[in-house]
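Note that the working numbering has the sequence shown beginning at 296, numbered continuously upward.
Every residue, glycine too, gets a C-beta built ideally from N, C-alpha and C.
Everything below concerns the one structure shown next.
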Amino acid sequence: MQLVNKERPIAGIIWQECWRYNVVASSLGLFFLEDPVASALQLIRRVMQPQSTDVPHITLRYSDIQIPPSFQAVFSSTQVDRVVLEAPGTFDLAGYEQGLIGTTFLRCGAPRLESIAYKPDFPDSIFHVTLYEGRPSGVAFELLQLLRAYPWNLEYSPGQSVIMSFEAFRGLRSDINGAPGALTTGAADLFQELTGRAPTIAALHSVTADAKLDLIDQIVRRVHSAENVKPLSVVSRQVESKDHLVFHRVHQPQLLSDTDLGIEETAHAKSPEETATVITPPEIAAEVVDQALQHLLPEQTKISLLDPAIGGGVFFATLEAKTSPATKTSLARITSAIGIEKRIQRAGLTQHAFDGSNLRVVVADFLSVKPADIRTKASDESLLPNLLLANPPYMRPSLDSSNAYEVARDQIRDRLGITLSKRANLYIYFMLHADAFLDHGAVAAWVLPGEVLYSDSAEPVRRYLMLQVDLLSVHVYTDAMRFHRKRVSTVVVTYRKGAPSRSGRVHWSQGDSLLTPERERDVDRHTLTTEAKWNSSWILGASTPRAGGVELGALFTVSRGIATGANNIFVVDDEVKESLRLEESCLRVLLPKPRELFGSIIEATSSGLPEGYSPRWLIDSKLPWRELERLAPRLHGYLSEHMSVADLALPKRRSPFYRQEQQLVPPIVFISMTGATRGGDRFILNASLGRALNNYHVVRPNALLSDWMKKSGVKMSDVHRALQDVRAEDLLTIGRLFHRGSVKLEPGDLRRVPLRNSLFLKALSSATDWEGAT
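What follows is the structure in C-alpha cells.
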C-alpha cells in the first residue's frame, strides 16, 4: 500500500494534520517518503525488525515544551533538499567489543536542521536514521560491519520529506494507508524485486539471519547507485584549543573514532541537570537573533559573531539561516564566527555539524580565554566581534575551579572596576568577561535567568548595564517554563557596547513572545538606576508599588521560616515517627505544606496539632551526641544512619548538627511562593502549635501594632481578616514571577506590600497619636 496520497501535496498537510489529530506538537521528526533511498532504508529496518512500523526519519525535537504558534510556521516552511549520509555507527560501544550491539544507525549531516532541532535530554545528540534498535544482537553487529565496508559520505536529495509530530504522522499514515505496519510502495516493490516474494509481514519474518545480511547487502548497493545520491569528498576538521598549538582532529565518523566526536557520550548522555546545561529552545534563539539583527547599525553588514557558550550552535545556525542570501531578510552576512565550548566532545560535534561554514569552535573555558586567543587567527584580524549571542551557564563555579575564577574576578575588577561576590553565578562572570572581546558598538544579546533582575549577587551586572554600556532592551518571558524540565524564569537582555545613549530610554517588555509582547514600555534609564532591584511588573505599571496604603513592614515583623538544610532527613511524617518510635521530646510539630492547605486558617486539635492534616515533625534537640544516645536512643540510631548530613552547609554550622533554628509558634504565616492570582489568602492564621519551615514567611505584629491591639481589643483573627484584603496585583507588582506563573516574595518584598484595610490605617494613626501625646 502506498503511504502518501500523491494527489495531496505533502507540504500542505504538515501542520493541518498535526492539529487534526489533536496532537501537541512537541516531538517532531523529518520523515523521508517514497524515493529510492527512503524505500531502501525502510526495507533495511524492516528486514532487521519486521515488527517495526517506523519510516526512515531524523528526530528533530524531543521535549515536553510545546512549540509556540509563532514558531510553527518555521517548521512548515522548512525545505530540506540535502542530507549527507555520513557513516554507519552505533551508540553501543561497550557491546561492540563483544560483538553484540543494540543500535545501528546511519549518521546524517543536515546543517539546515540545526536551527530547529531541540533534544534537551540528549544535549550531545547527533542526527541519524535508525536501522536497528532493540536487544543486543550479533546480527546487528554484522549489519554494522557490512555497512562499514561501503564508502559513505553521500549527499542525499530526498524526493519527498515532511516534518511532523510522531503522533500525527502515525495517525496520518493510518488514515491514508489503513495499515500502519505496511511497507511503503517503494519498499514493497524493492522487496518483491530482490526476493521474488510478496511483501507481507510473514515474508519479512521468514528471512533467516544469513539471508538478512545478503538481502541488506543488495539493498545498500541500491542506495549507493540511486539517482538522488552522489558521493562527497571526505574532509577532516579541526577543533582548536585556545593556545592554537594543539589541534584535536575530528574526522568523518568511523566507529572506532566516534568517541572523538562524542558518540559514546551521546549513548550514555548525562542529563542536563547533571551537567547544569540549559539547552536553548530554537524558538527562543529565533526571537533573540531577530531582535539582535534589528539593533545592528546600517554599517554593520559584516557580522563577526562570538558565542562564549556555543553548545550545539543553535544561535549560529539560526543566524546563518536568517542572514543567508536566499532568505533576503537581512543585508548582514556572517564573515567570521567563533564559538567557545569547554567540553571537547561537544565542541567536536558542533564543529562537525557546521562543515563548510566559517564557524570556528575553540575548546576552552571561556573565562580562561583572552581576546588575543581568538583574534590572532581570525580570517579578518581587523574585525573584532560585533555581535554576541549567548545562553551562558547559570550555576555557581565549582570548587575545583575556584582559583581560575579568582583570576577572572581580578581581571573583571581591574578592567571594569566591578567587584564580584564569591556567590556570583557563572552567567555574571560570562557577561562581564565578554566586555573585553567586543568591538565598540557591538550588539550583545544574552538569555539569562530571571534572577539577574533582582538577586543581590547580580547587582554588579545591573550596575554594568546602567553605567558602562547602552542598555537597549529587557524582555521578561511570562511563560517561565520555556526550557525543558527547567524551573527557571527567562529574561533576554540586549545592549550595545559603548556609553549609555543620550535618550536615556530602555525598551522593557513582557509576555510569551519577545517580538510580540503582551506589555511593553520605554522606561527612563533613571528609573532603573535608582532601583536596587528591577521588578518587571511595576516597571511596566503606571505607579510604584508603594503608592497608597501602609507598608506591611510598618506594623509587622517578617522573617523566614526554619531552614533545616536537609528536609529529607530532619522532617519526618507521622508514619516514620511511629514506625521508628522516635522520642517526642526531640520533635517539634510542623505546619502542613502550602500545597496541602484547604483554607486560610489552620485550626488545632486538643493536643495542638494542625487539625485535618497528617502531622509532620521536625527533629530538633540541643542534647549533645552522647546524651542523645542515652536519652533518645531511637533518634540517635536514625541520625547515625544519616551522618553525611552533618557535613552539609547549614547543619555543619550548627552545634549539634540536629539543633534547629529556634522560632516561636507563628501566629500568621505567608506562603512565600504560589500562583499569581492569589492575594490576601496567602496569609494563613495559625491556631496550632505548628512551626513554619522556610516555604513560609513568619508574620508577627510588631510592638506598635501589638500595643494598639491590646488597647483596642483587636484580636489576631481580626488582623488576619484584614490581611485578606491584600491585592494579588500588589503582590505581583512587588514579587518575582517564576515558573508556571508563580510569584515569589522575599521577606524584604513582603515588608513593602501596601495594606489598605482601614484597620491598619487606624492602627498606625492611633499609634502615632499616642506617641505624640506622650
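- Note the first and the last residue of the continuous alpha helix (DSSP H) segment covering LEU999. Sequence index remark: in the sequence shown, residue 999 carries index 704 (1-based). That run of the alpha helix (DSSP H) goes 998 to 1007.
- So, helix, strand or coil for PRO406, using DSSP? Translated into positions along the sequence shown, residue 406 becomes position 111. Helix.
- Query: Going along the chain, which residues of its own chain have a beta-carbon closer than 7 angstroms to the beta-carbon of LEU662, five neighbours each way excluded?
  - Reply: Taking the first residue of the sequence shown as position 1, residue 662 is located at position 367. If we look at LEU662 and ignore the five residues flanking it on each side, its Cβ neighbours are ALA699, TYR700, ALA703, TYR724, HIS728.
- Query: Residues bridged to VAL853 by DSSP?
  - Reply: Start at 1 with the first residue of the sequence shown, and residue 853 comes out as number 558. Answer is VAL994, bridged to VAL853.
- Task: Can you grab the Cα-Cα spacing for the pair LEU499 / SER322, in whole Å?
- Result: By one-based count along the sequence shown, residue 499 stands at place 204. By one-based count along the sequence shown, residue 322 stands at place 27. Cα to Cα, LEU499 sits roughly 29 angstroms from SER322.
- Counting pairs of beta carbons, one from the segment 989 to 996 and one from the segment 912 to 924, are three or more of them closer than 8 angstroms? No, they do not touch.
- Identify whether MET968 lies in helix, strand or coil by the three-state DSSP scheme. Numbered from 1 along the sequence shown, position 673 holds the residue referred to as residue 968. Here MET968 sits in strand by DSSP.
- Task: Please determine, among ILE966, ALA849, LEU478, THR596, the residue with the shortest C-alpha to C-alpha distance to LEU1000.
- Result: Indexing the sequence shown from 1 puts residue 1000 at position 705. Of the listed residues, the one whose Cα sits closest to LEU1000 is ALA849.
- Query: With DSSP run on the structure shown, which of helix, strand or coil describes HIS423?
  - Reply: Within the sequence shown, numbered from 1, the residue matching residue 423 stands at position 128. Three-state DSSP puts HIS423 in a strand.
- Going by DSSP, name the residue or residues bridged to ILE362. Along the sequence shown, one-based indexing puts residue 362 at 67. Looking at the DSSP assignment, ILE362 forms no beta bridge with any residue, so it has no partner.
- Which residues does DSSP pair with GLU450 in a beta bridge? Within the sequence shown, residue 450 is the residue found at index 155, counting from 1. According to DSSP, which records beta bridges pairwise, GLU450 is partnered with VAL379, LYS525.
- When HIS423, PRO415, PHE400 are compared against PRO406, the one with the closest alpha-carbon: Here residue 406 refers to the residue found at position 111 when the sequence shown is read from its first residue. The option with the nearest alpha carbon to PRO406 is HIS423.
- Query: Can you give the beta carbon distance from LEU641 to ASP419, rounded, assuming they're within the 8 angstroms contact cut?
  - Reply: Taking the first residue of the sequence shown as position 1, residue 641 is located at position 346. Taking the first residue of the sequence shown as position 1, residue 419 is located at position 124. Leu is not the amino acid found at residue 641; the sequence shown has Arg there. Rounded, the Cβ-Cβ distance is 6 angstroms, consistent with contact.
- Do the CB positions of ARG402 and GLU381 come within less than 8 angstroms of each other? Position 107 of the sequence shown holds residue 402. Position 86 of the sequence shown holds residue 381. Yes, Cβ-Cβ distance for ARG402 and GLU381 is below 8 angstroms.
- Query: According to DSSP, which residues form a beta bridge with HIS352?
  - Reply: The residue given as residue 352 occupies position 57 in the sequence shown. DSSP output for HIS352 lists PHE326 as bridge partner(s).
- Task: Using a threshold of 8 angstroms, state whether the C-beta atoms of PRO331 and ARG517 are closer than that.
- Result: Here the question's residue 331 lines up with position 36 in the sequence shown. Here the question's residue 517 lines up with position 222 in the sequence shown. Yes; because the gap between Cβ atoms is below 8 angstroms, this pair is in contact.
- Query: By DSSP, does GLN374 sit in helix, in strand, or in coil?
  - Reply: Numbered from 1 along the sequence shown, position 79 holds the residue referred to as residue 374. GLN374 falls in the coil class under three-state DSSP.
- Message: For LEU485, which residues in the same chain have their Cβ closer than 6 angstroms to its Cβ, ignoring the five residues on either side in sequence?
- Response: In the sequence shown, residue 485 corresponds to position 190, counting from 1. Cβ neighbours of LEU485 beyond the five flanking positions: SER334, LEU338.
- Between GLU578 and the rest of its own chain, which residues show a CB-CB distance below 7 angstroms, the 5 nearest in sequence each way excluded? Your numbering for residue 578 matches position 283 in the sequence shown. Cβ neighbours of GLU578 beyond the five flanking positions: ILE362, PRO363, PHE366.
- Give me the Cα-Cα distance between ALA444 and ARG340, rounded to the nearest whole angstrom. Here residue 444 corresponds to residue number 149 of the sequence shown, with the count starting at 1. Here residue 340 corresponds to residue number 45 of the sequence shown, with the count starting at 1. ALA444 and ARG340: Cα-Cα distance of roughly 18 angstroms.
- 6 angstroms Cβ shell around LYS565 - same chain, five flanking residues per side excluded: Looking up residue 565 in the sequence shown gives position 270. Legend: pLDDT at LYS565 = 44, less than 50; position of this residue unreliable, value from coordinates given subsequently. Here the set comprises nothing.
- Less than 8 angstroms between the CB atoms is what I'm expecting for LEU886 and GLY985, so what's the real figure, rounded? As a first step, residue 886 is located in the sequence shown; it is residue number 591 there, counting from the start. As a first step, residue 985 is located in the sequence shown; it is residue number 690 there, counting from the start. Right, the Cβ-Cβ distance comes to about 4 angstroms (below 8 angstroms), so this counts as a contact.
- Item | Simplified DSSP state of ASP1020, which is helix, strand or coil | Your numbering for residue 1020 matches position 725 in the sequence shown. DSSP places ASP1020 in coil when its eight states are reduced to three.
- Could you tell me if ASN997 is buried or exposed, where buried requires 16 or more neighbouring beta carbons within 10 angstroms of its beta carbon? Walking along the sequence shown from the start, residue 997 turns up at place 702. The residue is exposed, with fewer than 16 neighbouring Cβ atoms inside 10 Å.
- In chain order, each alpha helix (DSSP H) run of at least 4 residues that lies wholly inside the segment 888 to 976: Counting whole runs of 4 or more residues, the segment 888 to 976 contains the alpha helix (DSSP H) stretches 920 to 926, 928 to 935, 944 to 947.
- Task: With a threshold of 16 other CB atoms inside 10 Å of the CB of GLN646, please say whether the residue is buried or exposed.
- Result: Taking the first residue of the sequence shown as 1, we reach residue 646 at position 351. It is buried - the Cβ of GLN646 has at least 16 other Cβ atoms within 10 Å.
- Message: What would DSSP say about LYS1039, mapped onto helix, strand or coil?
- Response: Counting from 1 along the sequence shown, the entry for residue 1039 is found at position 744. Note: LYS1039 maps to strand in three-state DSSP.
- For the candidate residues ALA827, PRO351, SER432, whose alpha-carbon lies nearest to that of ARG465? In the sequence shown, counting from the first residue as 1, residue 465 sits at position 170. It is PRO351 whose Cα lies nearest to the Cα of ARG465.
- Message: Quick test of your reading: MET968 and LYS1039, contact by CB under 8 angstroms. State the CB separation rounded to the nearest angstrom.
- Response: In the sequence shown, the residue the question calls residue 968 occupies position 673. In the sequence shown, the residue the question calls residue 1039 occupies position 744. Contact between MET968 and LYS1039 holds, with the beta-carbon distance rounding to 4 angstroms and staying under 8 angstroms.
- Query: Which residue's Cα is closest to the Cα of SER971: PRO951, PHE851, SER832, PRO812?
  - Reply: Taking the sequence shown and counting its residues from 1, one reaches residue 971 at position 676. The question names Ser, yet the displayed sequence has Ala at residue 971. Relative to ALA971, the option among PRO951, PHE851, SER832, PRO812 whose CA is nearest is SER832.
- Query: Under three-state DSSP, which class holds ASP734?
  - Reply: One-based indexing of the sequence shown puts residue 734 at position 439. DSSP places ASP734 in coil when its eight states are reduced to three.
- Message: Give me the residue from LEU441, GLY390, GLY1043, SER358 with the minimum Cα distance to ASP751.
- Response: Here residue 751 refers to the residue found at position 456 of the sequence shown. The residue from LEU441, GLY390, GLY1043, SER358 with its alpha-carbon nearest to that of ASP751 is GLY1043.
- Query: When the Cα atoms are used, what is the spatial distance from ALA982 to GLY903?
  - Reply: Within the sequence shown, the letter at position 687 stands for residue 982. Within the sequence shown, the letter at position 608 stands for residue 903. Roughly 8 angstroms separates the two Cα atoms.
- Item | Strand pairing of PHE978, partner residues [DSSP] | Along the sequence shown, read from residue 1 onward, the residue named residue 978 stands at position 683. Bridge partners of PHE978: PHE965.
- Please name the residue, chosen from GLY607, VAL801, THR811, ASP1013, that lies closest to ALA412 on a Cα-to-Cα basis. Position 117 of the sequence shown, counted from the first residue, corresponds to residue 412. Ranking the options by Cα distance to ALA412, first place goes to GLY607.
- Using the DSSP secondary-structure output, state which residues sit across from ALA803 in a beta bridge. Taking the first residue of the sequence shown as 1, we reach residue 803 at position 508. The question names Ala, yet the displayed sequence has Trp at residue 803. Beta-bridge annotation (DSSP): TRP803 is paired with VAL769, ARG816.
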